[in-house]
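Report on one structure; see the data block that follows.
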Amino acid sequence: MIDERAYELLCCQLGLANEEKAGLRKQVNGLIARFKAIEESNKENSKALVDTINELSVTVENYR
1 MIDERAYELL
11 CCQLGLANEE
21 KAGLRKQVNG
31 LIARFKAIEE
41 SNKENSKALV
51 DTINELSVTV
61 ENYR
């Protein structure tokens, strides 16, 4: 049978593990938010790049 001290240590370790898990979850959620922001920025930049390429193509066609 588990003695009282061993039980207290296990409970303490479980508490620490839960705190660490919560901290990691917070970090993961922060990273997900950053990745979503980067993804949105990349979409906007890609659209702007396509628009610029199209404008340059029209300009080149006008000079031909």
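Per UniProt numbering, the sequence shown starts with residue 1, numbered consecutively. All C-beta atoms in this analysis are idealised placements derived from N, C-alpha and C, irrespective of residue type, glycine included.
Q: With DSSP collapsed to three states, give me the class of residue 64.
A: coil
(Q) Can you tell me whether residue 32 is helix, strand or coil according to DSSP? (A) helix
(Q) Using only the alpha-carbon positions, how far apart do residue 23 and residue 30 sit? (A) 11 angstroms
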